[in-house]
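Everything below concerns the one structure shown next.
Residue numbers (this note's numbering): 12 to 332.
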């Protein structure tokens with residue numbers, strides 16, 4: 012492919028993802044869970060005009076997200092993972108990157124010029140304040156983060172020995188994928204999940220994990236000798252990150268442990284440049300190095316202990332008070 016041909020193809024690459032995202036929004040893949048169906052059958056179930064639906068189905072076929080057997084459309088290994096009831100579903104992860112994220116990226120030039128996020132510019136509030144005002148969006152976001160967390164934290168107890176603690180609190184832990192993993196492997200450790208009321212109210216009961224409501228910008232309960240901040244600090248600028256770390260410091264006893272889990276740019280082979288652009292557009296933040304996280308923690312009285320690689324993206328930075 013010559014340079015001009017490459018560019019012309021490159022300009023429309025997003026069509027593929029948005030075709031899949033549209034199918035998720037319409038619950039098209041869920042309709043096909045039990046068996047293959049014809050256009051007419053799918054049209055009746057989804058109440059969508061057959062001619063429009065056929066355009067979408069054929070688009071999905073063209074990018075290998077569906078199979079076709081005679082006149083029936085069927086799920087394949089890709090689309091099975093985009094159904095609601097698959098145990099490893101990525102449906103909400105798919106939905107997460109369209110909609111609000113797409114709007115923010117369409118105004119990336121404004122964020123670069125001004126240093127402000129799309130949400131600050133358009134709504135005068137942060138991305139997370141925006142989510143908290145939109146119940147369905149908040150739920151979709153945390154479902155997406157839960158799907159990623161199930162993969163990201165599956166080896167956490169092999170990397171960190173949590174049995175040395177009497178109690179562990181996952182601060183801002185969403186729907187609890189990380190802390191539930193820790194509890195399963197450390198039944199004698201008291202485990203807490205701390206997040207906003209709106210999040211905890213939607214969180215399914217997690218076996219033997221205590222659910223706590225609150226705001227980490229205001230106060231973190233003094234209940235645990237170890238606190239985890241996983242993929243929290245990268246969402247915030249330096250001022251807000253320092254506030255979170257200060258509240259974590261106040262919540263911990265002397266010699267208490269703090270675990271910061273982040274994509275540390277200096278610890279991995281993956282280039283985080285595009286992810287940092289996303290953080291700017293969404294949150295007015297960026298992906299930091301381990302040195303930057305250590306410096307932020309040091310400002311709040313924490314002493315760096317060690318860094319351990321968790322997976323190809325994330326590193327666990329351990330601190331003591």
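Every residue, glycine too, gets a C-beta built ideally from N, C-alpha and C.
Between residue i and residue j, what straight-line distance do the alpha-carbon atoms span, to the nearest angstrom?
{"i": "residue 224", "j": "residue 89", "result": "37 Å"}
{"i": "residue 118", "j": "residue 209", "result": "29 Å"}
{"i": "residue 165", "j": "residue 270", "result": "16 Å"}
{"i": "residue 329", "j": "residue 316", "result": "5 Å"}
{"i": "residue 322", "j": "residue 192", "result": "16 Å"}
{"i": "residue 46", "j": "residue 96", "result": "15 Å"}
{"i": "residue 55", "j": "residue 48", "result": "11 Å"}
{"i": "residue 67", "j": "residue 28", "result": "12 Å"}
{"i": "residue 106", "j": "residue 151", "result": "8 Å"}
{"i": "residue 218", "j": "residue 116", "result": "39 Å"}
{"i": "residue 71", "j": "residue 108", "result": "18 Å"}
{"i": "residue 57", "j": "residue 38", "result": "8 Å"}
{"i": "residue 43", "j": "residue 143", "result": "33 Å"}
{"i": "residue 59", "j": "residue 221", "result": "44 Å"}
{"i": "residue 201", "j": "residue 25", "result": "45 Å"}
{"i": "residue 278", "j": "residue 299", "result": "10 Å"}
Look at residue i and residue j and say whether their C-beta atoms are less than 8 Å apart.
{"i": "residue 189", "j": "residue 241", "result": "yes"}
{"i": "residue 295", "j": "residue 126", "result": "yes"}
{"i": "residue 147", "j": "residue 129", "result": "no"}
{"i": "residue 230", "j": "residue 332", "result": "no"}
{"i": "residue 79", "j": "residue 35", "result": "no"}
{"i": "residue 259", "j": "residue 233", "result": "no"}
Taking residue i as the reference, give the member of the options with the closest Cα.
{"i": "residue 228", "options": "107, 44, 290, 255", "result": "255"}
{"i": "residue 272", "options": "324, 306, 253, 191", "result": "324"}
{"i": "residue 213", "options": "201, 149, 268", "result": "149"}
{"i": "residue 239", "options": "108, 56, 327", "result": "327"}
{"i": "residue 196", "options": "169, 216, 204, 289", "result": "169"}
{"i": "residue 310", "options": "257, 20, 163", "result": "257"}
{"i": "residue 301", "options": "204, 318, 251", "result": "318"}
{"i": "residue 81", "options": "141, 50, 122", "result": "50"}
{"i": "residue 248", "options": "277, 153, 286, 307", "result": "307"}
Return the bridge partner residues of residue i from the DSSP annotation.
{"i": "residue 328", "result": "271, 318"}
{"i": "residue 78", "result": "85"}
{"i": "residue 182", "result": "205"}
{"i": "residue 221", "result": "203"}
{"i": "residue 237", "result": "268"}
{"i": "residue 48", "result": "84"}
**OP:** Kindly confirm or deny that the segment 146-164 and the segment 178-188 touch, where touching means at least three C-beta pairs closer than 8 Å.
**Re:** yes
Original post:
So, do the segment 55-72 and the segment 131-145 have three or more beta carbon pairs nearer to each other than 8 Å?
Top reply: no
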